[in-house]
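Data block below; observations after.
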């Protein structure tokens with residue numbers, strides 16, 4: 478672990494860099510994330526470090542675009558809501574949250590499931606293939622159902 482790492486953001490970054498280098502080189506078999514404040518985020522930070530290094534394949538990875546002038550939805554809010562929805566999933570999925578339908582499905586075509594915002598509507602897509610066009614008000618609930626269906630399909634295959 479990295480002691481005196483800091484607050485949630487800076488401490489997570491310092492720990493990821495410090496431990497990531499060692500773990501990438503095969504050094505170490507245990508990690509400890511120490512953050513100022515509530516210890517609960519330390520667990521998620523640790524698992525996220527392992528997932529980023531491809532050392533842990535449990536649970537989804539949520540990617541989101543940085544937004545641009547084409548973004549027509551509250552992308553940070555949507556991405557946070559999707560992270561919450563996906564938090565209890567144990568299957569290793571890649572989920573994309575994109576700000577526009579122009580680039581979203583293409584840029585995130587490797588995602589198992591994705592969502593892309595638009596003007597008063599959005600797209601739900603799987604591996605770059607558009608599944609549905611959905612009114613903005615229903616986007617999150619439809620995405621949640623598609624995610625549930627995808628996880629059920631994966632469980633059937635195993």
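Residue numbers (the numbering used here): 478 to 635.
Virtual Cβ for every residue (Gly too), placed ideally from N, Cα, C.
As the structure is a computational prediction, the values presented were derived from the model and not from experiment.
- The stretch 615-626 makes contact with the stretch 587-598; the number of CB pairs closer than 8 Å reaches 3 or more.
- Here the stretch 515-530 makes no contact with the stretch 544-552; the two share fewer than three CB pairs at distances below 8 Å.
- Along the stretch 546-601, the beta strand (DSSP E) occurs as fully enclosed runs of 3 or more residues at 571-575, 590-594, listed in sequence order.
- According to the DSSP secondary-structure assignment, residue 611 is paired through a beta bridge with 599.
- Three or more beta-carbon pairs separated by less than 8 Å are not found between the stretch 501-517 and the stretch 537-546, which leaves the two stretches without contact.
- Excluding sequence positions up to five before and after residue 586, its CB lies within less than 7 Å of the CB of 604, 605, all in the same chain and listed in chain order.
- Burial is judged here by how many other beta carbons sit within 10 angstroms of a residue's own beta carbon; residue 612 has fewer than 16 and is exposed.
- Sixteen is the threshold: since fewer than 16 other Cβ atoms of the shown chains lie within 10 Å of the Cβ of residue 498, the residue is exposed.
- Bridge partners of residue 540 according to DSSP: 573.
- In this chain, residue 604 is not harboured by any alpha helix (DSSP H), its DSSP state being neither H nor E.
- Counted as a single uninterrupted DSSP element, the alpha helix (DSSP H) harbouring residue 525 occupies residues 517-529.
- Under a 10 Å Cβ-count criterion, residue 624 is classified as buried, with 16 or more other Cβ atoms of the shown protein chains found around its own Cβ.
- Residue 626 sits in a helix when the DSSP states are folded into three classes.
- Counting other Cβ atoms within 10 Å of its Cβ, residue 487 stays below 16 and is therefore classed as exposed.
- The DSSP-derived three-state label of residue 486 is helix.
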